[in-house]
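Residue numbers (this note's numbering): 14 to 273. For glycine and all other residues, C-beta sits at the position ideal for the given N, C-alpha and C. Note that the structure is a prediction, hence the values are computed from the model and not measured.
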Amino acid sequence: MATHPTDSPSKRRKRKPALRKLVEFKGMSRLSLQQYRNDVKQLYDGPKGAVLAMASLVSLHEPLMGLMLRERKFDATRFHKILDVGSGAGQLLGHLIKTANPSADLIGCDLSHQMLRRARTRLNSKRPAYVTADLTQLPFDDNAFDCITCGWVIEHLHDPRPGLREFVRVLQPGGSILLLATEDTVAGAFTSRTWKCRTYNRRELNRICEEVGLPWREQLYFTKLHRFLKMGGILVEATKQADSNVPMELESRGARRCQS
Ligand SMILES: C[S@@+](CC[C@H](N)C(=O)[O-])C[C@H]1O[C@@H](n2cnc3c(N)ncnc32)[C@H](O)[C@@H]1O
14 MATHPTDSPS KRRKRKPALR KLVEFKGMSR LSLQQYRNDV KQLYDGPKGA VLAMASLVSL
74 HEPLMGLMLR ERKFDATRFH KILDVGSGAG QLLGHLIKTA NPSADLIGCD LSHQMLRRAR
134 TRLNSKRPAY VTADLTQLPF DDNAFDCITC GWVIEHLHDP RPGLREFVRV LQPGGSILLL
194 ATEDTVAGAF TSRTWKCRTY NRRELNRICE EVGLPWREQL YFTKLHRFLK MGGILVEATK
254 QADSNVPMEL ESRGARRCQS
């Protein structure tokens, strides 16, 4: 819906959310957590998952993530053990192979075993280990990683808190997370419809990250143009506070690894 130049600012503000609301995927709230998780797994196991790598290329997300890492907007060379959550076809993982410290351990994890198989084939590298897991129940020890990357995945959570708390549990105090999420814009609404997921309000996500002990250290943009136009989604580096309290029930979940 185009805004008319003579519309008052308040009218313009009202129209954008209306279009966004119309387009945005609403199916998540109608399903139980388990039903929705099964749907997501099926979605990525199937034909849509098969074209994910191509879609990331066409939307420029994949090359832009590479640029961000090469330009060290997020400096991956600092870390020794990196977990890439929701690796998909290995879009972010592929760039980590090239930009992270060559001696760093890289682990890719995903709900969809099929996506990890695609990532393994596509990346054709012996370096990452692949683990099939739900991000809300990661099969890793507390404080196991000094870095987590998670690109365009938390959109598949009704409530991001269980996932973010799990990140806090497996991150070392002072460890960093690169979190990329679809924003509640019109473009974001189309993405949510295509991939059956939700979007995030920047302020709300910031508040939730603070709440779970992952305060944002820096908001990132792919390029100066993205920064100027406030486009490209929510890209942040957050850090686990040294005194973050992991809830007792999340401690020592045991490292049950499901190698793909
Ligand atoms: C849009 S793709 C992101 C791929 C890649 N990270 C990137 O940056 O382009 C989302 C991936 O998250 C995975 N995923 C969705 N929900 C998940 C969950 N609860 N736990 C782990 N992975 C999940 C999907 O299987 C899919 O491969």
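Report the rounded CA-to-CA distance for residue i versus residue j, giving the unit in angstroms.
i, j, result
"K54", "T149", "14 angstroms"
"D147", "D123", "7 angstroms"
"V36", "F203", "6 angstroms"
"R216", "G246", "13 angstroms"
"D172", "L151", "17 angstroms"
"N137", "T252", "31 angstroms"
"S8", "G103", "No answer is possible for residue 8: the residues shown for the chain start at 14 and end at 273."
"K34", "S100", "28 angstroms"
"L73", "A194", "15 angstroms"
"L242", "F38", "24 angstroms"
"F87", "E75", "15 angstroms"
"D12", "K209", "Residue 12 cannot be examined here, being either before or after the span of the chain that is shown, 14 to 273."
If residue i sits next to residue j, beta carbons under 8 angstroms apart, how far is it from one beta carbon to the other, in whole angstroms?
i, j, result
"F158", "V183", "6 angstroms"
"M248", "Y234", "Checking the displayed sequence, the identity of residue 248 turns out to be Leu instead of Met. Confirmed, Cβ separation roughly 7 angstroms."
"I221", "R178", "That pair is no contact at about 10 angstroms."
"E223", "E250", "Going by Cβ atoms, the distance from E223 to E250 rounds to 14 angstroms, so no, they are not a contact pair."
"M78", "G176", "So it is not a contact: roughly 20 angstroms between Cβ atoms."
Any idea which residues DSSP pairs residue i with across the strands?
i, result
"F274", "Summary: the structure shown does not reach residue 274, with the chain confined to residues 14 through 273, and so no result is reported for it."
"Y57", "Per DSSP, none; premise fails for Y57."
"K94", "D118"
"L242", "None; L242 has no bridge partner."
"W165", "Beta-bridge pairing links W165 to no other residue."
"D123", "T145"
"L251", "The displayed chain sequence assigns Ala, not Leu, to residue 251. Answer is I190 and W229."
Apart from the five residues just before and just after residue i, which ones in its own chain have a Cβ nearer than 7 angstroms to its Cβ?
i, result
"A255", "P186 and G187"
"R133", "Y143"
"R83", "T112"
Near residue i, what residues of its chain come up, given a Cβ to Cβ distance below 6 angstroms and the 5 sequence neighbours on each side ignored?
i, result
"D97", "L105, L106, G121 and T162"
"R240", "Y234"
"N156", "Q185"
"Y57", "S125 and M128"
"L170", "G176"
Residues in the same chain with beta-carbon distance under 8 angstroms from residue i, minus the five sequence neighbours each way, listed in chain order, please.
i, result
"R140", "I110 and L119"
"L46", "H171"
Quiz item: Using 8 angstroms as the threshold, is the stretch 90-99 in touch with the stretch 65-78, meaning 3 or more CB pairs across them?
Solution: no
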